[in-house]
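Here the structure is laid out as structure tokens; the discussion comes afterwards.
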Amino acid sequence: MTQTSAPAVDLIDQLTGLAPGSATHALRHQRNKVVAATQGSHDALFDPALPGLSLEERLLVALYAARLTPSAALAAHYRARLEQLGADAAHVRAAAAGQPQDIAEPRLRAMLAFTRTLIEKPVEGDKAALQALPAAGLSTPAVVTLAQLIAFLSYQVRLVAGLDALKALNDTAGAQA
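Counting from 577, one number per residue, gives the positions in the sequence shown under our numbering.
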């Protein structure tokens, strides 16, 4: 049985401060194929060559999703990526502040509204919510990509929160030993 090695750069380990040799790092890396698949999904969803949604749009969705959940570490990461990309500063401020209504572009506003719906009230992510996206100029493949991105971000946020909690528990247990 072949063991898949973990990626050289692992965003989750970086954001949660998991150091090799720590109990939480060892636990997470017992299934390196899951670690590699998580990073691989991130890399694929934020590949600049991915068609349908620009990298800036995907990063804005990620920033907004991280703000809504909230995940300060992920929000800071995605904001830094947007700044490195030279993204529209007004869009970054609006997404970071949770003010998508301040964005003039109907396409981006619709994407962020859909993000909010799926994060805060997923039961309302119905046919009407989906139909608002093509009406704002998104193709069917772009809508699918957006939904996949939001689902991944939800997983990513929960993974970071769970690892942070586990790390704190392990740190507390280690300090008491």
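Glycine included, C-beta positions come from ideal geometry on N, C-alpha and C.
### Residue range of the alpha helix (DSSP H) that includes residue 690
The count along the sequence shown starts at 1 and reaches residue 690 at position 114. Per DSSP, residue 690 belongs to the alpha helix (DSSP H) from 682-696.
### Query
Looking at C-beta atoms only, is the number of pairs between the segment 712-723 and the segment 625-632 that lie closer than 8 Å three or more?
yes
### Task
Determine the extent of the alpha helix (DSSP H) in which residue 616 is found, giving its start and end residues.
By 1-based counting over the sequence shown, the position of residue 616 is 40. It spans 608-621 - the alpha helix (DSSP H) in which residue 616 sits, taken as one unbroken run.
### Query
With burial defined as no fewer than 16 other Cβ atoms inside 10 Å of the residue's Cβ, what is the status of residue 748: buried or exposed?
In the sequence shown, the residue the question calls residue 748 occupies position 172. So residue 748 ends up on the exposed side.
### Task
Would you kindly report the start and end of the unbroken alpha helix (DSSP H) that includes residue 534?
It is not possible to answer for residue 534, since the shown part of the chain is limited to 577 through 753.
### residue 578, DSSP secondary structure in three states
For this step, residue 578 is matched to residue 2 along the sequence shown. Any reading at residue 578 is ruled out, since the residue's pLDDT is 42, under 50, leaving its predicted position unreliable.
### Task
Let me know the secondary structure DSSP gives residue 719 once reduced to three states.
Looking up residue 719 in the sequence shown gives position 143. Three-state DSSP puts residue 719 in a helix.
### Query
Between the segment 725-735 and the segment 610-623, do three or more beta carbon pairs fall short of 8 Å?
Between the segment 725-735 and the segment 610-623, the count of C-beta pairs closer than 8 Å reaches three or more; the two stretches touch.
#### Entry: Contacting residues, own chain, Cβ-Cβ under 8 Å from residue 587 (five flanking each side not counted)
As a position in the sequence shown, residue 587 is number 11, starting the count at 1. Only 615, 618 and 653 meet the Cβ criterion.
### Message
On the DSSP letters alone, give me the boundaries of the alpha helix (DSSP H) that residue 588 sits inside.
### Response
By one-based count along the sequence shown, residue 588 stands at place 12. Residue 588 -> alpha helix (DSSP H) spans 587-592.
### Task
Mind reading off the beta-carbon distance from residue 658 to residue 635? Whole number of angstroms is fine, and I expect it under 8 Å.
As a first step, residue 658 must be located in the sequence shown, where it is residue number 82. As a first step, residue 635 must be located in the sequence shown, where it is residue number 59. Indeed they touch by this definition, with Cβ atoms about 5 Å apart.
### Query
How far does the alpha helix (DSSP H) with residue 637 in it reach, from first residue to last?
Residue numbering aside, residue 637 sits at position 61 when the sequence shown is read from its first letter. From DSSP, the alpha helix (DSSP H) with residue 637 extends over 631-644.
### Task
Between the Cα of residue 591 and those of 597, 622, 623 and 648, spot the shortest distance and give me the residue it belongs to.
Indexing the sequence shown from 1 puts residue 591 at position 15. Selected option, being the one with the closest Cα: 648.
#### Entry: Beta-carbon proximity check, residue 668 vs residue 726, cutoff 8 Å
The count along the sequence shown starts at 1 and reaches residue 668 at position 92. The count along the sequence shown starts at 1 and reaches residue 726 at position 150. No; because the gap between Cβ atoms is not below 8 Å, this pair is not in contact.
### residue 661 - containing alpha helix (DSSP H), residue span
Sequence index remark: in the sequence shown, residue 661 carries index 85 (1-based). Run containing residue 661: 648-661, per the alpha helix (DSSP H) assignment.
### Query
Nearest-angstrom Cα distance between residue 738 and residue 585?
Within the sequence shown, the letter at position 162 stands for residue 738. Within the sequence shown, the letter at position 9 stands for residue 585. Cα-Cα distance, rounded: 20 Å.
### Query
Would a C-beta distance cut-off of 8 Å place residue 724 and residue 650 closer than the cut-off?
The count along the sequence shown starts at 1 and reaches residue 724 at position 148. The count along the sequence shown starts at 1 and reaches residue 650 at position 74. In this structure, the beta-carbon distance from residue 724 to residue 650 does not fall below 8 Å.
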